[in-house]
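Here is the structure we will look at.
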């Protein structure tokens, strides 16, 4: 039976656990920082010396930690790209702009255990010679920003932050910066622009890789809240020990945000890949199954941008059995919840947010809801994304308001196919297209039937199609 | 009408500016601070921020028009933001939005910000508030509420003085 494995969530929901520093210190808080600061230079076989900072960076590499924000990129590798020879200051930014629909894990850490994040940040900053760091928190978490500010103040008072931290000679300052309600600020270069006091228009890569030309055109590391918390545990446990958690190439733990139509929605921390999507939905330790009398229709496996999985879908997963590469047919519910398996199934674990959709839901309406989100959040910098996301949303709006056409399904795919693939500066182009492409491909009958029914009604009533206005907005059909 | 920022707020703002090696970075934080005090960002507030940071007013105005949280006119005293995005929609957020609108004499089908005639309440749909597991979720000013039933919604309204 798969179980929760609480590394980051170990204390934060325990009765009596509070977000203040005294409580954190009682639970072994800031021991990882003390350990990091006490590391001595190590002699290497080639006669060179490895600095404490290099040793931590190596440990993070050995841990196999992959970014928890969405892309799943190796954290150790990201750090290794940082330009350390430019002579410019290196900045670190914690991306706490959690806004991918379905995701609500960082909120828990920020509100219930802010010092864990701060300790992870201090250790990460120390390892990368960072002297000034920011926490970019989304504007809609004003309480979170206040809690973080209070926690930073406490950490300064104990000299975990500020000048000459614990007598080590290392100086660091961290400040909280609030966003103001724009999803695109979660994109790292958009976030950097926003932190520079501008509109968050993402920058084009190359040349603006944050590791070289980031904040104020200086080398910059942008890491997710959960990733930074993991660094603390890597320092405590050691990289190789951390790598034993989870599965090969998918190491450590992950906090899964489970929402939608299950009995026990919530956040569950698991060893990566040690539970399947089906277990996360149905197991009494996790989602506890669908609501009574409902059947599973679809699962969005990694935040709203990830491609949808249809109930009953089968995939061929590459597996190594007795040293041989074999393909194993796997039902979508039996997909291990990790980075690689979901990628092989043509989707992604993204921000590890599962949204469960049952048979009471109008799938066209569900996609219309998501498309409206993307149309609202496109920053407007690149034409394919700005126009395309709006076209898709308008088309889906007419399909859900009795003004659809039979060919709308094909029309949607045509628009969606023309947005991603290097036509836009950032990955928002992909993010807004993938749901449309996958929903329409996998549930095409429902999209066509809806348009056909509308055409039939108009023919009977001898009326022309009209434009549905927002005033005629209808709610998403569910049994609630 | 003259625009003046109280001394204690200006001191707070001056401290915020020290957080950044480049003054312009403080724009969003200054706008938040002014909006919290004045309720919205007036053209005078925009000018004030621009002057404070050594920017052109357009550099500040383009932020006010881009970021959804900044308002150019005064909303109600109590701002109710209901999450519209998928998980909350599956959890009944449209019914919740309708409930607020009906209760406060607003149009349940309108999508943008609506304010009651007495200026006491504003209701609007917003995008994902990152509380998807406890749908439907909402905010009332700075407070965040999860799993909001109609009964709980009435209690929240009742608590708005």
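Residue numbers (this note's numbering), protein chains in the order written: chain X, 4 to 483; chain S, 6 to 166.
Even glycine gets a Cβ: it sits at the ideal position worked out from N, Cα and C.
In this text, all values refer to a predicted model and were calculated from it rather than measured experimentally.
Asked: Contact set between the region 37-60 of chain S and chain X, restricted to residues whose Cβ is under 7 Å from the partner; Found: 37
Asked: Short CB-CB distance (under 8 Å) between residue 358 (chain X) and chain S; Found: yes
Asked: Nonlocal neighbours in the same chain, by C-beta distance under 6 Å from residue 301 (chain X), ignoring five residues either side; Found: 311, 313, 360
Asked: Under 7 Å (Cβ pairs) to chain X, residues found in the region 57-89 of chain S; Found: 67, 68, 71, 72, 73, 74, 75
Asked: Distance, residue 332 (chain X) Cα to residue 177 (chain X) Cα; Found: 49 Å
Asked: Distance between residue 197 (chain X) and residue 63 (chain S) (C-alpha atoms, nearest Å); Found: 16 Å
Asked: Straight-line gap, residue 139 (chain S) to residue 264 (chain X) (C-alpha atoms, nearest Å); Found: 11 Å
Asked: Nearest-angstrom Cβ-Cβ length linking residue 237 (chain X) and residue 85 (chain X), presumed shorter than 8 Å; Found: With 8 Å as the limit, residue 237 (chain X) and residue 85 (chain X) do not qualify as a contact, their Cβ atoms being about 17 Å apart.
Asked: Host alpha helix (DSSP H) of residue 368 (chain X) (start-end); Found: 366-380
Asked: DSSP state of residue 48 (chain S) mapped onto helix, strand, coil; Found: helix
Asked: Partners in chain S for residue 268 (chain X), counting only beta-carbon separations shorter than 9 Å; Found: 92, 96, 137, 138, 139, 140
Asked: Residue 30 (chain X) versus X:106, X:116, X:78, X:317, residue with shortest Cα-Cα distance; Found: X:116
Asked: Contact belief for residue 135 (chain S) with residue 106 (chain X) at Cβ below 8 Å, rounded distance in angstroms; Found: 6 Å
Asked: Range covered by the alpha helix (DSSP H) that runs through residue 489 (chain X); Found: With chain X covering only 4 through 483, there is no way to say anything about residue 489 (chain X).
Asked: Closest Cα partner of residue 308 (chain X) within the set X:194, X:25, X:104, X:153; Found: X:104
Asked: Chain X within 8 Å of residue 143 (chain S), Cβ atoms only; Found: no
Asked: Residue 485 (chain X) to residue 70 (chain S) span [Cα, whole Å]; Found: Past the edges of chain X, shown from 4 to 483, lies residue 485 (chain X), and the structure says nothing about it.
Asked: Extent of the continuous alpha helix (DSSP H) to which residue 94 (chain S) belongs; Found: 91-95
Asked: Sufficient close CB pairs (3 or more, under 8 Å) joining the region 54-73 of chain X to the region 238-245 of chain X; Found: yes
Asked: Residue 483 (chain X) - DSSP class collapsed to helix/strand/coil; Found: Interpretation of residue 483 (chain X) is limited by its pLDDT of 36, a score under 50 that renders its predicted location unreliable; the figure taken from the coordinates is listed afterwards. Residue 483 (chain X) falls in the coil class under three-state DSSP.
Asked: Spatial neighbours of residue 14 (chain S) in its chain, beta-carbon cut-off 7 Å, leaving aside the 5 residues before and after; Found: 38, 42
Asked: Cβ pair residue 76 (chain X), residue 69 (chain X) closer than 8 Å; Found: yes
Asked: Touching by the beta-carbon criterion (3+ pairs, under 8 Å), the region 90-104 of chain S and the region 197-210 of chain X; Found: no
Asked: Beta bridge counterpart(s) of residue 128 (chain S) as assigned by DSSP; Found: S:85, S:119
Asked: Under 8 Å from the C-beta of residue 452 (chain X): neighbouring residues of chain S; Found: Ordered by position in chain S, no residue passes the 8 Å Cβ test against residue 452 (chain X), which lies about 22 Å from the chain.
Asked: Top-ranked residue by Cα proximity to residue 22 (chain X), from X:414, X:96, X:95, X:114; Found: X:114
Asked: Contact set between residue 24 (chain S) and chain C, taken where Cβ atoms lie within less than 7 Å; Found: Among the protein chains of the structure shown, namely X and S, there is no chain C.
Asked: Counted within 10 angstroms of its Cβ, other Cβ atoms place residue 324 (chain X) as buried (16 or more) or exposed; Found: exposed
Asked: Assigned exposure category for residue 126 (chain X) - 16 Cβ within 10 Å defines buried; Found: buried
Asked: Environment of residue 459 (chain X) [buried if 16+ CB atoms lie within 10 Å]; Found: exposed
Asked: Collapsed DSSP secondary structure at residue 330 (chain X) in the structure displayed; Found: strand
Asked: Beta-bridge partners of residue 57 (chain S), as assigned by DSSP; Found: Answer is none; residue 57 (chain S) lacks a bridge partner.
Asked: Selected residue, minimal CA-CA separation from residue 367 (chain X), among X:398, X:343, X:221; Found: X:398
Asked: Three-state secondary structure assigned by DSSP to residue 341 (chain X); Found: coil
Asked: Separation of residue 218 (chain X) from residue 159 (chain S), as counted between CA atoms; Found: 45 Å
Asked: Cβ-based neighbour list, residue 94 (chain X), same chain, cut-off 8 Å, excluding 5 preceding and 5 following; Found: 133, 135, 136, 137, 217, 218, 219, 221, 222, 223, 224
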